[in-house]
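Working notes for the structure below.
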Amino acid sequence: MKLGAISDVHANLEALTAVLNFFRQEGVDQVISLGDVVGYGPDPEACIELLQQAQAKVVAGNHDWGTLGKTPISHFNHLAVAALKWTQKRLKPEHLLFLSSLPLTMNLNSLHLVHASPSAPQNWEYIFTIEEAFSELRACPFEICLVGHTHRPLIVEKPPIGPVRTIPTPAFSLQPDARYLINIGSVGQPRDGDPRACCALIDLKEKRASFHRIPYDILTTQKKMFTFGLPRPLIERLELGI
Ligand code: ZN
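So, in structure tokens, the structure goes:
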């Protein structure tokens, strides 16, 4: 089974469309989304509908829960709050129903899917360092844990013998008996200095995974955000990938 993995779409329709087109070209069997479908961006309803049409497996992120009021607004910075309030007004009951149906975690074959951290999914903690990744790996009951949340791709491998280590993107083999924590990066608001949409292909049969950066029409997304009065720093960061 060939999986197309995405995270942190953040209501960026142009970026999501470009990634799903890429997945179609690559013959992806199943799309999986690691949360934060909404928040920040100008097209929350269209992004929800596209993921529904793609029959994606989706877990909840902190912005999805923030939109529903399940995570308190005090958890977010003022820019995120402005975008969340705009998103709440924009979404129809059916979109809110979809967001409220999303589980915090999901297991799929040998994969564990969670937006932030496997040890405490509802706390929305960030995994930045190799030490944090290692302790989270021990909390994960599956060989491969896929996360998002930081908007930065990261691959951490714990071989059966030897120390935990990071593996550089873009492509790598999944070693037998090794355990992995893989951060899928962000489709709609990358923060690793590369503004292109980030996604990953995971081939469980071939035991291979690869990261890909997909260019999209950033200017169109920015124009919509400007028209809707979304905060300027959220608009500007898209072209910088920060
Ligand atoms: Zn996010």
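If you count the sequence shown from 1, position 173 lands on 166 in the working numbering, and the numbers rise without skipping. Ideal Cβ positions, reconstructed from N, Cα and C, are used throughout, including at glycine.
Beta-carbon gap between residue i and residue j smaller than 8 angstroms
i, j, result
"glycine 181", "leucine 27", "no"
"valine 74", "isoleucine 123", "no"
"valine 242", "threonine 60", "The requested residue 242 does not occur in the structure, where the chain is confined to residues -6 to 235."
"glycine 34", "threonine 159", "no"
"isoleucine 25", "alanine 4", "no"
"histidine 105", "aspartate 29", "no"
"leucine 227", "leucine 6", "no"
"leucine 197", "serine 103", "yes"
"leucine 231", "isoleucine 177", "no"
"threonine 64", "tryptophan 117", "yes"
"proline 224", "alanine 76", "yes"
"leucine 194", "alanine 126", "no"
"methionine 246", "valine 52", "Because the chain here runs from -6 to 235, residue 246 falls outside it and cannot be looked at."
"glutamine 18", "leucine -4", "no"
Whole-number beta carbon distance between residue j and residue i, since they are thought to touch under 8 angstroms
i, j, result
"aspartate 187", "glycine 141", "No, aspartate 187 and glycine 141 are not in contact; Cβ-Cβ is about 16 angstroms, not under 8 angstroms."
"alanine 132", "glutamate 150", "About 16 angstroms; that fails the 8 angstroms criterion."
"cysteine 191", "arginine 201", "With a Cβ gap of about 18 angstroms, cysteine 191 and arginine 201 do not count as contacting."
"histidine 245", "aspartate 1", "Given a span of -6 to 235 for the chain in the structure shown, any question on residue 245 remains unanswerable."
"threonine 162", "phenylalanine 204", "4 angstroms"
Cβ contact (3+ pairs, closer than 8 angstroms) linking the segment 29 to 45 and the segment 88 to 99: Under the Cβ criterion (8 angstroms, minimum of three pairs), the segment 29 to 45 counts as touching the segment 88 to 99.
Chain-ordered list of residues that sit, by beta carbon, closer than 5 angstroms to a heavy atom of the ligand ZN: Asp1 and Asp29
Contained beta strand (DSSP E) runs [length at least 3] in the segment 200 to 233, N- to C-terminal order: 201 to 207
At least 3 beta-carbon pairs within less than 8 angstroms: the segment 9 to 18 vs the segment 40 to 50: Cβ pair count under 8 angstroms is three or more, so yes.
Length at least 3, wholly inside the segment 40 to 113: the beta strand (DSSP E) runs in chain order: With a minimum length of 3 residues, the continuous beta strand (DSSP E) runs that stay inside the segment 40 to 113 are 98 to 101 and 104 to 107.
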